[in-house]
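Visitor: Chains as they are written, first to last, in the numbering used here: chain A, 1 to 490; chain B, 1 to 121. Mind looking over this structure? Questions follow.
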């Protein structure tokens with residue numbers, strides 16, 4: 001084979017190679033620049049041949065170091081690892097190339113040419129950089145998280161691979177103490193909760209849901225934690241670790257306990273009031289009724305006796321309302337589609353019964369099975385309280401109340417308007433009447449608990465209530481209570 | 001004359017009930033201050049009272065238990081429950097009480113309940 005044949009074969013091989021192949025002379029000028037090199041850099045061979053690789057392709061800030069490396073090559077110093085250089089493409093984009101270099105010397109041993117094979121590892125570098133940044137981000141997150149983040153290895157040995165610094169705030173122990181003693185986690189568990197943790201360590205796969213475990217802090221305080229963990233399998237699906245998050249929920253637990261205590265106390269007080277006070281009311285009422293029936297009781301004092309009796313009834317009604325209030329507060333919310341007519345009718349009849357001395361006329365335009373809303377058993381209570389107030393505060397002997405219902409324009413709500421002819425509600429009072437506590441503080445009188453109860457019931461339904469004047473601009477003509485009830489979906 | 005048996009742990013109520021029924025011409029044939037005493041006394045009463053007024057919350061034995069036992073002794077006994085605890089209504093009726101009134105009860109309503117039991121049952 002002739003020299004020319006060799007040259008041709010070498011040239012074809014160089015051009016076909018999927019790696020960058022360049023040749024440099026002893027001054028760093030480009031003597032060979034294959035097709036792959038053209039593709040990567042965007043330069044044509046003609047633009048590069050004879051030019052200094054340092055000035056044309058290597059970024060300014062790396063030139064000095066690249067030249068030094070090149071000089072060392074020329075004096076026979078082999079690099080310890082394949083050098084990585086970055087090249088600037090014709091369009092100004094930086095590419096990272098990993099090089100393998102071969103030196104060719106002439107007969108007197110002088111280096112004549114340097115050939116380098118390069119692999120463009122730009123994509124790999126970018127992926128590595130992205131991964132590094134992600135890891136950094138997660139590390140910062142984990143290091144700064146309020147919750148404890150951990151990775152606990154099960155196989156080949158039990159130990160903490162990672163515990164975030166928050167563990168010190170939560171338990172009083174440092175991450176290093178957990179790394180040094182893999183059993184520390186078991187040692188500090190509250191004795192009653194030890195079976196939960198032991199179960200988790202024996203069968204981590206079953207310990208995936210959130211569970212509450214108490215720990216004893218280094219300072220001896222008992223804390224509540226919530227654990228959320230997941231298992232880590234290896235490629236063969238063997239369980240090798242458990243990772244998770246531990247949250248200190250001591251404060252939340254304390255608040256729940258406080259609420260529970262407050263609720264129990266409230267229930268106890270309501271029960272005490274309902275039972276014991278009504279027994280006392282029974283005694284007073286019965287004694288006064290005996291006096292009423294006693295023919296020797298002075299006639300002129302009968303009026304005072306009746307007043308006293310009505311006060312006892314008022315007290316009994318108040319207790320009754322407190323019980324209802326509590327019931328609305330504690331009963332679970334289970335809403336359903338309800339025909340408005342029966343509860344409204346039952347409330348109307350109850351109000352009519354409650355005022356035997358008055359003539360009560362309640363008109364309404366609602367028919368049976370005409371309007372359905374999303375509500376529950378307290379709907380009648382809601383209507384009763386508004387109607388009862390309307391009848392109660394209307395001082396005339398003939399009380400007229402009008403109930404009108406229609407759907408809102410978007411058909412999402414049933415609007416029930418209850419209009420009375422009572423003394424009305426001033427603008428100042430309108431804003432306050434649905435809050436018993438606010439009324440107490442600001443001194444608005446007469447609202448009792450009924451309307452607060454109404455607000456509470458509507459809150460269950462996602463409804464609303466507003467109070468307006470029956471006659472616009474003149475509140476003394478009576479009030480108009482507009483109730484919005486979510487329409488019942490079929 | 002209608003005979004009444006009063007069961008309640010409140011002594012004051014015994015006095016006012018007794019005064020009222022006496023005034024109305026009823027005869028109070030028995031008084032008990034807890035459920036156990038009520039059952040014991042009921043066994044000894046002969047003839048049995050026309051009406052028993054039964055409280056719910058009482059020491060030793062509550063009104064529901066006493067009602068069950070008394071109805072076991074005499075299924076025809078007519079017991080009106082009088083309680084400030086409305087939650088006892090279902091239990092009381094299930095135990096055999098024929099009427100349940102929530103304290104405070106007006107005498108007019110109590111008399112109506114007695115009249116209903118005596119005429120309809």
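Backbone N, C-alpha and C define an ideal beta-carbon position, used for all residues, glycine too.
Buried or exposed for residue 427 of chain A, please, with buried defined as at least 16 other CB atoms from any protein chain shown within 10 angstroms of its CB.
Guide: For the purposes of this step, residue 427 of chain A is taken as residue 427 along the first chain, with counting starting at 1. When all chains shown are included, residue 427 of chain A counts as exposed.
Visitor: Can you list the residues of chain D that residue 13 of chain B reaches, using a CB-CB cut of under 9 Å?
Guide: Absent here is chain D; the protein component of the structure consists of chains A and B.
Visitor: For the pair the region 125–137 of chain A and the region 57–66 of chain A, tell me if three or more CB-CB distances fall below 8 Å.
Guide: No contact exists between the region 125–137 of chain A and the region 57–66 of chain A.
Visitor: Between the region 54–67 of chain B and chain A, which residues of the former have a C-beta closer than 8 Å to a C-beta of the latter?
Guide: Under the 8 Å Cβ criterion, the region 54–67 of chain B contributes 57.
Visitor: Can you tell me where the alpha helix (DSSP H) holding residue 179 of chain A begins and where it ends?
Guide: One-based indexing of the first chain puts residue 179 of chain A at position 179. Looking at the DSSP string, the run of the alpha helix (DSSP H) that includes residue 179 of chain A is 175–180.
Visitor: Check whether the Cβ of residue 32 of chain B lies closer than 8 Å to any Cβ atom in chain A.
Guide: As a first step, residue 32 of chain B must be located in the second chain, where it is residue number 32. It does not; no Cβ of chain A falls within 8 Å.
Visitor: Residues of chain A with CB closer than 9 Å to the CB of residue 105 of chain B, please, in chain order.
Guide: Within the second chain, numbered from 1, the residue matching residue 105 of chain B stands at position 105. Correct list: 282, 285 and 286.
Visitor: To the nearest angstrom, report how far apart residue 244 of chain A and residue 234 of chain A are at their CA atoms.
Guide: Mapped onto the first chain, residue 244 of chain A falls at position 244. Mapped onto the first chain, residue 234 of chain A falls at position 234. Taking the straight line from one Cα to the other gives about 17 Å.
Visitor: Could you name the residues of chain A that residue 7 of chain B contacts, counting a contact when the two beta carbons are closer than 7 Å?
Guide: One-based indexing of the second chain puts residue 7 of chain B at position 7. Within 7 Å Cβ-Cβ: nothing; residue 7 of chain B doesn't reach chain A, min ~14 Å.
Visitor: Roughly how far, in whole angstroms, is the beta-carbon of residue 275 of chain A from the beta-carbon of residue 85 of chain B, given that I think they are within contact range, below 8 Å?
Guide: Residue numbering aside, residue 275 of chain A sits at position 275 when the first chain is read from its first letter. Residue numbering aside, residue 85 of chain B sits at position 85 when the second chain is read from its first letter. Residue 275 of chain A to residue 85 of chain B, Cβ: 5 Å. Contact.
Visitor: Find out if the Cβ-Cβ distance for the pair residue 3 of chain B, residue 27 of chain B is shorter than 8 Å.
Guide: Stepping through the second chain from its first residue, residue 3 of chain B is reached at position 3. Stepping through the second chain from its first residue, residue 27 of chain B is reached at position 27. Yes; because the gap between Cβ atoms is below 8 Å, this pair is in contact.
Visitor: Would you list the residues sitting across from residue 103 of chain A in a DSSP beta bridge?
Guide: Numbered from 1 along the first chain, position 103 holds the residue referred to as residue 103 of chain A. Per DSSP, A/114.
Visitor: With 16 other CB atoms within 10 Å as the buried threshold, where does residue 289 of chain A fall?
Guide: Reading the first chain from its first residue, position 289 is the one you call residue 289 of chain A. With 16 or more Cβ atoms within 10 Å of its Cβ, residue 289 of chain A is classed as buried.
Visitor: With DSSP as the reference, label residue 377 of chain A as helix, strand or coil.
Guide: To locate residue 377 of chain A, count along the first chain from 1; it is residue 377. Reduced to three states, the DSSP call for residue 377 of chain A is coil.
Visitor: Please list, in chain order, all residues of the same chain as residue 34 of chain B whose beta carbon is under 7 Å from its beta carbon, the five residues on each side excluded.
Guide: On the second chain, position 34 is the one that residue 34 of chain B refers to. 9, 58, 59, 60 and 61.
Visitor: Quick one, which residues of the region 76–101 of chain B are near chain A if we go by CB-CB under 7 Å, in chain order?
Guide: Here the close residues are 84 and 85.
Visitor: Closest Cβ-Cβ distance between residue 16 of chain B and chain A: below 8 Å?
Guide: Residue mapping note: residue 16 of chain B aligns to position 16 of the second chain, counting from 1. By this cut-off, residue 16 of chain B is an interface position.
Visitor: Return no unless some Cβ of chain B is closer than 8 Å to the Cβ of residue 308 of chain A.
Guide: Within the first chain, numbered from 1, the residue matching residue 308 of chain A stands at position 308. Taking Cβ atoms only, chain B never reaches closer than 8 Å to residue 308 of chain A, which makes this a no.
Visitor: When you compare only the Cα positions, how much space is there between residue 284 of chain A and residue 270 of chain A?
Guide: Counted from its first residue, the first chain places residue 284 of chain A at position 284. Counted from its first residue, the first chain places residue 270 of chain A at position 270. Cα to Cα, residue 284 of chain A sits roughly 20 Å from residue 270 of chain A.
Visitor: Look up residue 468 of chain A in the DSSP assignment and say whether it is helix, strand or coil.
Guide: In the first chain, counting from the first residue as 1, residue 468 of chain A sits at position 468. It is a strand residue.
Visitor: Classify residue 368 of chain A as helix, strand or coil using the three-state DSSP reduction.
Guide: Start at 1 with the first residue of the first chain, and residue 368 of chain A comes out as number 368. Coil.
Visitor: Is there contact between the region 172–188 of chain A and the region 257–272 of chain A, where contact requires at least three CB pairs shorter than 8 Å?
Guide: They do not touch, by the three-pair rule.
Visitor: Taking the beta strand (DSSP E) that residue 259 of chain A falls in, what are its first and last residues?
Guide: For the purposes of this step, residue 259 of chain A is identified with residue 259 of the first chain, where counting begins at 1. First-last for residue 259 of chain A: 250–272, but that is the alpha helix (DSSP H), not the beta strand (DSSP E).
Visitor: So which residues on chain A does residue 19 of chain B lean against when the C-beta distance must stay under 7 Å?
Guide: For the purposes of this step, residue 19 of chain B is identified with residue 19 of the second chain, where counting begins at 1. In chain order: 290.
Visitor: Hey, how far is the Cα of residue 401 of chain A from the Cα of residue 376 of chain A?
Guide: Reading the first chain from its first residue, position 401 is the one you call residue 401 of chain A. Reading the first chain from its first residue, position 376 is the one you call residue 376 of chain A. Spanning the two alpha carbons is a distance of roughly 24 Å.
Visitor: So, with DSSP's three-state summary, where would you put residue 476 of chain A?
Guide: Counted from its first residue, the first chain places residue 476 of chain A at position 476. DSSP places residue 476 of chain A in strand when its eight states are reduced to three.
Visitor: Please list, in chain order, all residues of the same chain as residue 456 of chain A whose beta carbon is under 8 Å from its beta carbon, the five residues on each side excluded.
Guide: Counting from one through the first chain, the residue named residue 456 of chain A turns up at place 456. If we look at residue 456 of chain A and ignore the five residues flanking it on each side, its Cβ neighbours are 325, 328 and 329.
Visitor: Hey, is residue 145 of chain A's beta-carbon within less than 8 Å of any beta-carbon in chain B?
Guide: Along the first chain, one-based indexing puts residue 145 of chain A at 145. It does not; no Cβ of chain B falls within 8 Å.
Visitor: Going by DSSP, name the residue or residues bridged to residue 246 of chain A.
Guide: Your numbering for residue 246 of chain A matches position 246 in the first chain. DSSP lists A/148 and A/227 as partners of residue 246 of chain A.
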